[in-house]
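Asker: Protein sequence lines correspond, in order, to chains A and B.
So for the first sequence, our numbering puts the first residue at 1; every next one is plus one.
So for the second sequence, our numbering puts the first residue at 252; every next one is plus one.
One structure is given below, represented as structure tokens, and several questions about it will come after.
Protein chains: 2
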Amino acid sequence: MPSERKSARPQTEQPGTSLSGKKSRSNSQEFAFKQLREMIVTGRLAPGTWMIEADIADRLSISRTPVRGALHWLQRDGYVIAAGNGNKSRLIVAPLTKDDARDLYAIIGHLEGLAGRQTAQLPQKARATVVRRLKEFNAALAQLSRDRRSEPNRIFELDLSFHRTIMEASAGPRLKEIHRIIHSQVERYWRLYSGAIVNKLSLSVAEHNEIIKAVSSGDPDRAEKGLQTNWQNGVERLSTVIDSLGERGNW
Amino acid sequence: MPSERKSARPQTEQPGTSLSGKKSRSNSQEFAFKQLREMIVTGRLAPGTWMIEADIADRLSISRTPVRGALHWLQRDGYVIAAGNGNKSRLIVAPLTKDDARDLYAIIGHLEGLAGRQTAQLPQKARATVVRRLKEFNAALAQLSRDRRSEPNRIFELDLSFHRTIMEASAGPRLKEIHRIIHSQVERYWRLYSGAIVNKLSLSVAEHNEIIKAVSSGDPDRAEKGLQTNWQNGVERLSTVIDSLGERGNW
DNA sequence: GTATACGTCATTGTATACAATTTAGGTTCG
DNA sequence: CGAACCTAAATTGTATACAATGACGTATAC
Chain A
1 MPSERKSARP
11 QTEQPGTSLS
21 GKKSRSNSQE
31 FAFKQLREMI
41 VTGRLAPGTW
51 MIEADIADRL
61 SISRTPVRGA
71 LHWLQRDGYV
81 IAAGNGNKSR
91 LIVAPLTKDD
101 ARDLYAIIGH
111 LEGLAGRQTA
121 QLPQKARATV
131 VRRLKEFNAA
141 LAQLSRDRRS
151 EPNRIFELDL
161 SFHRTIMEAS
171 AGPRLKEIHR
181 IIHSQVERYW
191 RLYSGAIVNK
201 LSLSVAEHNE
211 IIKAVSSGDP
221 DRAEKGLQTN
231 WQNGVERLST
241 VIDSLGERGN
251 W
Chain B
252 MPSERKSARP
262 QTEQPGTSLS
272 GKKSRSNSQE
282 FAFKQLREMI
292 VTGRLAPGTW
302 MIEADIADRL
312 SISRTPVRGA
322 LHWLQRDGYV
332 IAAGNGNKSR
342 LIVAPLTKDD
352 ARDLYAIIGH
362 LEGLAGRQTA
372 QLPQKARATV
382 VRRLKEFNAA
392 LAQLSRDRRS
402 EPNRIFELDL
412 SFHRTIMEAS
422 AGPRLKEIHR
432 IIHSQVERYW
442 RLYSGAIVNK
452 LSLSVAEHNE
462 IIKAVSSGDP
472 DRAEKGLQTN
482 WQNGVERLST
492 VIDSLGERGN
502 W
């Protein structure tokens, strides 16, 4: 197995400058991935459920091969984990626990803190654009908060847009990718406990305003701290809910 | 495709309490993964090289199925990426660039900063144990620094042990996993430019001492900042080298 | 009654054939 | 000389058969 040999090929050049990430033609694998993710996020596939390749393949009317690929993706994104039972690699839907949420929120807080720091160091002009978008999203959140209309999905989307704006503005590809993965995990907690979280929306809106000010004035330390605080407070709010409701779907 | 149905199975119970993560007997896939990773890290598979399933399978004398799995793992860990060309998912060995290094180092600095913060908040007794280990590793590094003996591999291992000690002490599973992945990417840069970095070892040793002090005294802010600074200075040192040597293996 | 050995079944691991689709090269026409 | 098209080859996507392994239940011995 030693010896050198690289997959040498002509490899003339990279044609298009890869404008943006296009979607490939619909695969079975992608189909399976989306189906399973949807079911996990919505809770139809409960945490702890065994993911059996053959079962899934049957129900989706595809073969095990694309299912296996989809499971790899789900594992990469943290939706399923290897059941540490013994030695056999058995996959289960990742459990939702308070400890896991703390882990997750702390990570995303610091990751966004980093991005926020970088965003606050952008040239004034670029920052202005970012700030404008942030204000739009936060205004919409404030509106929902005042209305007391419980639209968890919309709130989630707006909150995500707010935070993603900061990431897009300055984060590198790796940071964006990690953020995407971690945030997709947060979504599971959000969906499960959203009903009880939404009440506290106004608090989050206030924290967002602090972040906006920091970015607007180009203060990296303040921006970083603002993001960290927002997530830290978020996990405190979530923990309170989990304590009162119990750890759903973890057995 | 809607309708509910979970992978219902007897699922009597989880037998063993999962003592620890044993290694599965997975043969071909794990073999392929290790082989390919080794070749990428050592540079025998140059950045930008196309990863052709059939080629790899032939050369490793296995079928495409385990190769595909191995490629998924490599992709998860960031060793290979989807060539952004167009829509087709073609995998290439991830390029090494100065921008990517900056992205990487900033991320790991903040992630370890988080872990360092948490470690510094541990009970005094636990911190003492951590500090003792940190001092051992750093003493060994200091020794190598004084000897001016160029043992990049050993230096890398010791530095990794130092940082990993902090992670193990307080990081949750998710944080540890992300750290593992990101650090494995750092290893590629380290190996490629180690010869020129080793000279600056004494600087890193000094920074480590600052971190040790922070943990020892239970100062979270100082610990976080110390880790961030260590990585930030690290990428500055690396950038200098890359500037003088050029971006190897990126074309 | 308990424990150990054995056999069966569920599940994942691997190989391979075939289908689909993109890429490359060359030819023709403007 | 260049552009559009067309064909052939390279590569990945999918299905399926079979092998290997570990878990569980049953029977038998003590």
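C-beta atoms are modelled at their ideal positions from N, C-alpha and C, and glycine is treated no differently.
This one's a predicted model, so the numbers in the text were calculated from it and none came from an experiment.
(1) Going along chain B, which residues have a C-beta under 8 Å from A:P173?
(2) Between the C-alpha atoms of A:L192 and A:L203, what's the straight-line distance to the nearest angstrom?
(3) Would you say the beta carbon of A:I182 comes nearer than 7 Å to a heavy atom of the ligand ZN?
(4) Output the boundary residues of the alpha helix (DSSP H) element that contains A:L203.
(5) Nearest-angstrom Cα distance between B:D328 and B:G320?
(6) Can you name the residues of chain A whose CB is closer than 8 Å to the CB of B:H504?
(7) What is the rounded straight-line gap between the Cα of B:E387 and the Cα of A:A142?
(8) Under 8 Å, do A:Q29 and A:P66 count as touching if we go by C-beta distance?
(9) I'd like the span of the beta strand (DSSP E) that includes A:V198, first residue to last.
(10) Considering only residues of the same chain and omitting the five flanking positions on each side of B:G267, which have a CB-CB separation below 6 Å?
(11) As a quick exercise: from B:K476, B:A457, B:L347, B:I448, pick the residue whose alpha carbon is nearest that of B:E536.
(12) Answer with yes or no whether the minimum CB distance from A:A128 to chain B is below 8 Å.
(13) Counting only Cβ pairs nearer than 7 Å, list the residues of chain B close to A:R222.
(14) Identify the continuous alpha helix (DSSP H) that holds B:R315 and give its terminal residues.
(15) Classify B:S421 as buried or exposed, calling it buried when 16 or more other Cβ atoms lie within 10 Å of its own Cβ.
(16) Just the chain B side, please: which residues come within less than 7 Å of A:A106 by C-beta, in chain order?
(17) Looking at the structure shown, is A:L45 part of a helix, part of a strand, or coil, going by DSSP?
(18) Quick check on A:R90: does DSSP put it in helix, strand or coil?
(19) Distance check for A:V93 and A:T49, CA to CA, integer angstroms please.
(20) At least one CB of chain A closer than 8 Å to the CB of B:I429: is that the case?
(21) Can you check whether the C-beta of A:R76 is within less than 8 Å of a C-beta belonging to chain B?
(22) Within the continuous beta strand (DSSP E) that includes B:I332, where are the two ends?
(23) Could you tell me which chain B residues have their CB closer than 7 Å to the CB of A:H183, listed as they occur along the chain?
Answerer: Well, looking at it:
(1) D351, D354
(2) 20 Å
(3) Looking for the ligand ZN in the displayed structure turns up nothing, as the structure carries no ligands at all.
(4) 201–216
(5) 13 Å
(6) Absent from the structure is residue 504 of chain B, since the part of chain B shown begins at 252 and ends at 502.
(7) 53 Å
(8) yes
(9) Segment: none, A:V198 is in no beta strand (DSSP E) and carries neither H nor E.
(10) Only weak support is given to the placement of B:G267: the predicted model assigns it a pLDDT of 30, under 50, and the value that follows is read from those uncertain coordinates. There are no such residues.
(11) There is simply no residue 536 of chain B to check, as chain B begins at 252 and stops at 502 in what is shown.
(12) no
(13) Ordered by position in chain B, no residue passes the 7 Å Cβ test against A:R222, which lies about 15 Å from the chain.
(14) 315–327
(15) buried
(16) L365
(17) coil
(18) strand
(19) 5 Å
(20) yes
(21) yes
(22) 331–333
(23) The contacting residues do not exist; A:H183 stays about 12 Å from chain B at best.
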